[in-house]
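Protein chains in written order, with my numbering: chain A, 13 to 126; chain B, 109 to 326.
Backbone N, C-alpha and C define an ideal beta-carbon position, used for all residues, glycine too.
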């Protein structure tokens, strides 16, 4: 997935690194020090609809061309996450216990058009 | 509000960088609290000391949490009653195991002082704190230790479950053994329950499979 640059109107991944110090949460989140809060944004014109956003296979490239030449544009397509990974957190709960847990689907790794 | 530029996704005006940053930080807070199933951030009134924390984490080398929404918990003991005469103590733990989770691994980490001579025989019992079991004791495990330092004593996870109040009380009773006989003299303090060597529980919990309870009832 391309990361969003200014002026790029198409579906891309917008990267933001959030430092827990900036949230004032370093007193209870022990590890890590921050995480990538990425989100997807950008337009999905008809010929991009259904493309996975990364490693688009030959099939989906042709499929996109067929759609682009189709006089009836497909219904609207949205820029959505297509790959996400968990985030491992070590934190203190309200009893002062140390808890280690993996929070699923926390970090968006790739975006694509629905 | 951006001057004249248009948000490529929704056609609305793009946000100024500072406004976008503020929005991202709010989103991060919501996302973290939702991911940890918390309604608001914990207010830590008695954080464990940095030394105790570092020692416990180093000891455990917390591995990757078992798959399937598992969690690893380290809970430090509050010492509510350490009888001066022997090395018996009452350890109190405040756990917050969500009802939807299942405890499947438990170890009690104790630090034995270097003054140990011979074999330390230790019985670990659980104090019932529910109304109908108040004051009753259930033997959980018996261990023998011959060396000072940290010891990880396995406890039956089934014996620690089902504490709605979240407060778990463990009674330690120990005696010195020399050969096979019990030493009659009162053992000096042998268990270290001081601040940096506080005993702690190492627990592993995971989300219950849906419908597990129903199978048991049937």
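The C-beta separation of residue 149(B) from residue 40(A) comes to about 6 Å, placing the pair in contact by the 8 Å criterion.
Look at the beta carbons and you see the stretch 151-158 of chain B not touching the stretch 88-101 of chain A: under three pairs across the two are nearer than 8 Å. Contact of residue 161(B) with chain A by beta-carbon distance below 8 Å involves 42, 110. Under the three-state reduction of DSSP, residue 269(B) is assigned to coil, being neither helix nor strand. Contact between the stretch 18-32 of chain A and the stretch 40-53 of chain A is established, with three or more Cβ pairs separated by less than 8 Å.
One Cα belongs to residue 286(B), the other to residue 223(B), and the distance between them is close to 15 Å. Non-local C-beta neighbours of residue 196(B) in its own chain, meaning closer than 6 Å and more than five positions away in sequence, comprise 280, 281, ordered along the chain. With contacts defined as CB atoms closer than 8 Å, residue 266(B) and residue 247(B) fail to qualify as a contacting pair. Per DSSP, residue 137(B) is one residue of the alpha helix (DSSP H) stretching across 125-143.
Proximity to residue 163(B) across 134(B), 146(B), 145(B), 184(B) peaks at 184(B), based on C-alpha coordinates.
In this structure, the CA atom of residue 100(A) is about 19 Å from the CA atom of residue 106(A). Between residue 215(B) and residue 268(B), the beta carbon gap of about 11 Å keeps them out of contact (Cβ cut-off 8 Å). Close partners of residue 120(A) in chain B (Cβ separation under 9 Å) are lacking, with about 11 Å as the shortest Cβ gap. About 5 Å separates the beta carbons of residue 102(A) and residue 42(A), which is inside the 8 Å limit, making them a contact pair.
Annotation: Cβ neighbours of residue 34(A) in chain B (cutoff 7 Å, chain order): 133. The beta carbon of residue 178(B) sits closer than 8 Å to those of 312, 313, 314, 315, all from its chain and outside the five residues before and after it, given in chain order. Its Cα nearest to that of residue 113(A), the residue 144(B) stands out among 264(B), 250(B), 124(B), 144(B). Look at residue 34(A) here: in three-state DSSP terms it is helix.
The alpha carbon of residue 202(B) has as its nearest neighbour, out of 300(B), 284(B), 278(B), 219(B), the alpha carbon of 278(B). The DSSP-derived three-state label of residue 48(A) is strand. For residue 115(A), the nearest CB of chain B lies under 8 Å from its own CB, placing it at the interface with that chain.
Just so you know, the alpha carbons of residue 165(B) and residue 122(A) end up roughly 33 Å apart. Under the three-state reduction of DSSP, residue 158(B) is assigned to helix. Beyond the five residues adjoining it in sequence on each side, residue 308(B) comes within less than 7 Å, by CB distance, of 164, 182, 183, 184, 185, 217 in the same chain, given in chain order. The beta carbon of residue 259(B) sits no closer than 8 Å to any beta carbon of chain A.
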